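A.B. asks: Its first residue numbered 928, the sequence shown is counted upward by one per residue in this note's numbering.
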Amino acid sequence: MMPEPIIATTFTLPDEALALLRVVGAVAGPDGWRDALAEAQALLCLLTDRVDTALLERAPRLRVVANAVVGYEHVDVAACRARGIVVTNTPDVLTGATADLTWALILAAVRRLPQAERSLRAGEFRGWGFWDYLGGDLEGRTLGILGMGRIGRAVARRAGGFGMRVVYHSRTALPGDDERALGAERVDFDDLLARSDVLSLHAPLTPETRHTIGRDALRRMRPGSVLINTARGALVDEAALADALREGPLSAAGIDVYEHEPAVHPGLLDLGNVVLLPHIGSATRGTRTEMAMLAARNVHAVLAGRPPVTPVPLAR
Ligand code: NAP
Ligand code: GLV
């Protein structure tokens, strides 16, 4: 009898994902997952696991790397493809949760919620004050979106409820019908910076997008504008961001992701006008379960000899 394929997992899976995987193999991990690599035909992993040539050399039998998040900059996709290994991710199932968290950050940063809450806890709330705890407005202002993909579009859809205009920049234009449905106007990068009252980042981290929001771009943003980043930390030069929050032009920022996670630039930690979250864009119980299930479905498909459900796209 052929031995069962080994499926290594770097994280704890929900019971329904384990049940699906056990139809096609034996699950090893999360404890000792590295030791299981020598025999593993599948690997379920997260954005904190670097899948590079060193790891691949220790896993000569791998057929599929099922990355249980949507971003995949931590996986050497070219090296996997060269070895015939399928790489998958988890698009769509986390789009709504991440768009909601983006809006939580927009509202928290613009209305200065953490400052108000800290003040109340410090005993400074002495009753309703006409000029106290003032934030900015959203209605009639412009939301800029860098990277109008699944999450960018979901954030744009929610903007209608807040009465905001939407401008966006992506390399590809949306079909005209989609632009009309979202009420979104495609602009070039300079216009995006010049017109956004709130600029929200939703592009993947690639060599092209690293430090897109650097010192020069920050200088060209609107006075008093707000930067939101729920994409990847390295899209932004964090040292330059801290300077732009201290000296202008930014009035506030809302950040979920960092250049060198879990480290946060000390210049940001020192500032009161930036809301800092610990990379929780997709962190709802339902969404994380769906992400694990989709990763499991990808492994199940490949080990059963079928095409993967959600392979990562070819680089363009
Ligand atoms: P997606 O559907 O692939 O959207 C990404 C968009 O970025 C695409 O529309 C793409 O359009 C655009 N883009 C790519 N390169 C660009 C460039 N150089 N300049 C401008 N736009 C560019 O991905 P998604 O599902 O929306 O996810 C987006 C990112 O969010 C992920 O890659 C991940 O890093 C991050 N994320 C974070 C969390 C969190 O927990 N905070 C959760 C989920 C996702 P074009 O190719 O036409 O330019
Ligand atoms: C989370 O950051 C993801 O890429 O899914």
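Glycine is no exception: its CB is placed at the ideal position from the N, C-alpha and C atoms. Computed from a predicted model, the values in this text were never measured in an experiment.
What number of angstroms, rounded off, separates the C-alpha of Leu1154 from the C-alpha of Gly1090?
C.D. replies: 19 Å
A.B. asks: Report buried or exposed for Gly952, applying the criterion of at least 16 other Cβ atoms within 10 angstroms of its Cβ.
C.D. replies: buried
A.B. asks: I need the DSSP call for Pro1041, collapsed to helix, strand or coil.
C.D. replies: helix
A.B. asks: Indicate the three-state DSSP secondary structure (helix, strand or coil) for Asn1016 in the structure shown.
C.D. replies: coil
A.B. asks: Measuring straight from C-alpha to C-alpha, what distance separates Ala1006 and Ala986?
C.D. replies: 12 Å
A.B. asks: What number of angstroms, rounded off, separates the C-alpha of Ala911 from the C-alpha of Leu1032?
C.D. replies: Because the chain in this structure spans residues 928 to 1243, residue 911 falls outside the shown range and cannot be described.
A.B. asks: What is the DSSP secondary structure of Val1226, counted as helix, strand or coil?
C.D. replies: helix
A.B. asks: Go ahead and pull the three-state DSSP assignment for Ile933.
C.D. replies: strand
A.B. asks: Quick one: what's got a C-beta closer than 8 Å to Thr980's C-beta in the same chain, skipping five residues either side?
C.D. replies: Asp1003, Ala1006
A.B. asks: Give the range of the beta strand (DSSP E) segment to which Arg1092 is assigned.
C.D. replies: 1092-1096
A.B. asks: Check each candidate in Glu1135, Leu1028, Glu1188, Ala1024 and name the one with the smallest Cα separation from Thr975.
C.D. replies: For Thr975, the nearest C-alpha among the options comes from Glu1188.
A.B. asks: Check whether the segment 1163-1171 touches the segment 1049-1060, taking contact to mean three or more Cβ pairs, one atom from each stretch, closer than 8 Å.
C.D. replies: no
A.B. asks: Between Thr1029 and the rest of its own chain, which residues show a CB-CB distance below 7 Å, the 5 nearest in sequence each way excluded?
C.D. replies: Val1082, Ser1127, Ile1155, Thr1157
A.B. asks: Within a Cβ cutoff of 6 Å, which residues of the same chain sit near Leu1204, ignoring the five residues on either side of it in sequence?
C.D. replies: Asp1183
A.B. asks: Say the cut is 7 Å; is the CB of Glu1135 nearer than that to a heavy atom of the ligand NAP?
C.D. replies: yes
A.B. asks: Is Val1239 near the ligand GLV, with its Cβ less than 7 Å from a heavy atom?
C.D. replies: no
A.B. asks: Could you tell me which of Val1013, Pro957, Ala963 sits nearest to Pro1240, measuring between CA atoms?
C.D. replies: Val1013
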